[in-house]
Amino acid sequence: MSQQAITVLGATGSIGLSTLDVLARHPERYRVHALTAHRRVDELAALCRRHCPRVAVVARPEDAERLAAQLADMDTPPEVRFGARALEEVAADPEVDQVMAAIVGAAGLPASLAAARAGKRVLLANKEALVMAGPVFMDAVRDAGAVLLPIDSEHNALFQCMPAGYVAGTRGAGVRRLLLTASGGPFRERDPATLATVTPDEACAHPNWSMGRKISVDSATMMNKGLELIEACWLFDVPPEQVDIVIHPESVIHSLVEYVDGSVLAQLGEPDMRTPIASGLAWPERIDAGVASLDLVARAGLRFEAPDEDRFPCLPLAAAAARSGGTAPALLNAANEIAVSAFLEGRVGYPAIPAIIDAVLTSCEAGSAATLESVLAADAEARERARELLPRHAV
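Numbering of the sequence shown is given in the numbering used here, commencing with residue 42 and proceeding in unit increments.
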């Protein structure tokens, strides 16, 4: 078996690290072609020593100089590049077979899109690519003959429960409804009246998953689930009305597909991102991911409940954006990124997150999302408006 070349976009994040763990378990199948990071130079240097990529990419020229200096004593140091263009180049490189798209937020869209346009197997962990630019991204996948495999645990679960031979971007035969599960995050049982005092560390203390701080806050507000609803509509060609969200605190059932005959198929497993990563890398085969077996007896009961929109006001905002379509999801995502960043920096309180998103969606008019230019323009407008709103919510 010849090795497949893998580019990992966002190698120093939780998804990137889990991906490298799985790849290292199968050196006969995979080699690392490129690793990218934003400004975590020291962490990327350590990964380069361990996984020996041919190319490493960072954000700025000064970061590239520092990284190259740290790796100069390697027998075969990687070629060090910098900037957004370099990200797109390593995503579309003719040598590359698969691209793990794991850059968080809107920053990951251009490189993910470059991989799709180059006809790669795209392992999509960057949900914002579809939230912001669903029409553009799915057109690129179809036009270039790319293979799109979802890596978010919920969407990967849905993909695994689809009919045999299913292709992302099409409607599964006989599918009635998709059910996205959510843990409920750290505030599932907290009195909504007390959320004004939530700290960033409290919001990032996820009960089941180990994630970066931004996505941890999104899980606490359930905006993460709202973005996943929008992503599911594009991945599985269904309207928002056919996607339901159910809180499942144990995070054992990762999502479910209901069929018209009444059958409901679920994908279960330990809450470990290496499972969907391995599923994507080897699809349609299966490989060891280093994940422990699920002990159903030890897990005992599994609970399910409807999300409380008073506790999670971001959820109805996302659902409304999904129904509006066009650039509304791009506006939603941009406002959320600005608000969450300000909250993590201690500049605004936790309740400001949905308040700012709501104000942006109200004041910015959604348009067509048929081109990347229109999506990026909406993104820029929403970010500017959200920044204008921050002083009103300062703490």
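All C-beta atoms, glycine included, are put in the ideal place defined by N, C-alpha and C.
Fair warning: this is a prediction, and the values are worked out from it, not measured in the lab.
CA nearest to the CA of residue i, picked from the options
{"i": "residue 134", "options": "152, 366, 178, 190", "result": "152"}
{"i": "residue 50", "options": "83, 86, 145", "result": "145"}
{"i": "residue 333", "options": "316, 326, 320", "result": "316"}
{"i": "residue 120", "options": "129, 67, 89, 213", "result": "89"}
{"i": "residue 289", "options": "223, 186, 56", "result": "223"}
{"i": "residue 82", "options": "98, 74, 69, 62", "result": "98"}
{"i": "residue 44", "options": "74, 56, 60, 415", "result": "74"}
{"i": "residue 305", "options": "218, 394, 60, 411", "result": "218"}
{"i": "residue 139", "options": "436, 314, 213, 64", "result": "64"}
{"i": "residue 123", "options": "165, 164, 142, 102", "result": "102"}
{"i": "residue 320", "options": "330, 311, 230", "result": "330"}
{"i": "residue 415", "options": "175, 196, 104", "result": "175"}
{"i": "residue 85", "options": "163, 110, 277, 368", "result": "110"}
{"i": "residue 367", "options": "92, 204, 408", "result": "408"}
{"i": "residue 413", "options": "425, 178, 188, 337", "result": "178"}
{"i": "residue 160", "options": "239, 136, 387", "result": "136"}
{"i": "residue 421", "options": "372, 403, 431, 411", "result": "372"}
{"i": "residue 377", "options": "355, 360, 387, 365", "result": "355"}
{"i": "residue 62", "options": "314, 241, 244", "result": "314"}
{"i": "residue 369", "options": "107, 180, 418", "result": "418"}
{"i": "residue 107", "options": "243, 87, 397, 292", "result": "87"}
{"i": "residue 324", "options": "92, 170, 198", "result": "198"}
{"i": "residue 411", "options": "181, 312, 66, 243", "result": "181"}
{"i": "residue 339", "options": "394, 291, 244", "result": "291"}
Beta-bridge partners of residue i, as assigned by DSSP
{"i": "residue 346", "result": "288"}
{"i": "residue 47", "result": "73, 139"}
{"i": "residue 435", "result": "389"}
{"i": "residue 299", "result": "218, 305"}
{"i": "residue 110", "result": "Bridge partners of residue 110: none, in fact."}
{"i": "residue 123", "result": "99"}
{"i": "residue 162", "result": "139, 188"}
{"i": "residue 294", "result": "309"}
{"i": "residue 209", "result": "Per DSSP, none; premise fails for residue 209."}
{"i": "residue 400", "result": "Note: residue 400 sits in no beta bridge, so no partner."}
{"i": "residue 223", "result": "288"}
Cβ-based burial, residue i [other Cβ within 10 Å; buried from 16]
{"i": "residue 94", "result": "buried"}
{"i": "residue 191", "result": "buried"}
{"i": "residue 246", "result": "exposed"}
{"i": "residue 200", "result": "buried"}
{"i": "residue 131", "result": "buried"}
{"i": "residue 341", "result": "exposed"}
{"i": "residue 54", "result": "buried"}
{"i": "residue 211", "result": "exposed"}
{"i": "residue 48", "result": "buried"}
{"i": "residue 173", "result": "buried"}
{"i": "residue 68", "result": "exposed"}
{"i": "residue 263", "result": "buried"}
{"i": "residue 115", "result": "exposed"}
{"i": "residue 184", "result": "exposed"}
{"i": "residue 208", "result": "exposed"}
{"i": "residue 193", "result": "buried"}
{"i": "residue 351", "result": "exposed"}
{"i": "residue 129", "result": "buried"}
{"i": "residue 406", "result": "exposed"}
{"i": "residue 303", "result": "exposed"}
Cβ-Cβ separation, residue j to residue i (assumed contact under 8 Å), whole Å
{"i": "residue 233", "j": "residue 261", "result": "In fact, because the Cβ distance is near 13 Å, the residues do not count as touching under 8 Å."}
{"i": "residue 433", "j": "residue 379", "result": "Actually they are not in contact, since the Cβ atoms of residue 433 and residue 379 sit about 13 Å apart, beyond 8 Å."}
{"i": "residue 353", "j": "residue 287", "result": "Between residue 287 and residue 353 the Cβ distance is about 13 Å, and since that is not below 8 Å, they are no contact."}
{"i": "residue 113", "j": "residue 77", "result": "In fact, because the Cβ distance is near 20 Å, the residues do not count as touching under 8 Å."}
{"i": "residue 186", "j": "residue 167", "result": "Between residue 167 and residue 186 the Cβ distance is about 20 Å, and since that is not below 8 Å, they are no contact."}
{"i": "residue 385", "j": "residue 258", "result": "7 Å"}
{"i": "residue 278", "j": "residue 220", "result": "With a Cβ gap of about 17 Å, residue 278 and residue 220 do not count as contacting."}
{"i": "residue 202", "j": "residue 343", "result": "No, residue 202 and residue 343 are not in contact; Cβ-Cβ is about 17 Å, not under 8 Å."}
{"i": "residue 57", "j": "residue 127", "result": "Between residue 127 and residue 57 the Cβ distance is about 16 Å, and since that is not below 8 Å, they are no contact."}
{"i": "residue 229", "j": "residue 188", "result": "Going by Cβ atoms, the distance from residue 229 to residue 188 rounds to 36 Å, so no, they are not a contact pair."}
Sub-8 Å separation of residue i and residue j beta-carbons
{"i": "residue 270", "j": "residue 374", "result": "no"}
{"i": "residue 363", "j": "residue 281", "result": "yes"}
{"i": "residue 283", "j": "residue 295", "result": "no"}
{"i": "residue 255", "j": "residue 381", "result": "yes"}
{"i": "residue 436", "j": "residue 401", "result": "no"}
{"i": "residue 322", "j": "residue 164", "result": "yes"}
{"i": "residue 310", "j": "residue 335", "result": "yes"}
{"i": "residue 318", "j": "residue 60", "result": "yes"}
{"i": "residue 301", "j": "residue 215", "result": "yes"}
{"i": "residue 105", "j": "residue 80", "result": "no"}
{"i": "residue 196", "j": "residue 273", "result": "yes"}
{"i": "residue 391", "j": "residue 237", "result": "yes"}
{"i": "residue 169", "j": "residue 205", "result": "no"}
{"i": "residue 404", "j": "residue 424", "result": "no"}
{"i": "residue 248", "j": "residue 387", "result": "no"}
{"i": "residue 431", "j": "residue 398", "result": "no"}
{"i": "residue 154", "j": "residue 275", "result": "no"}
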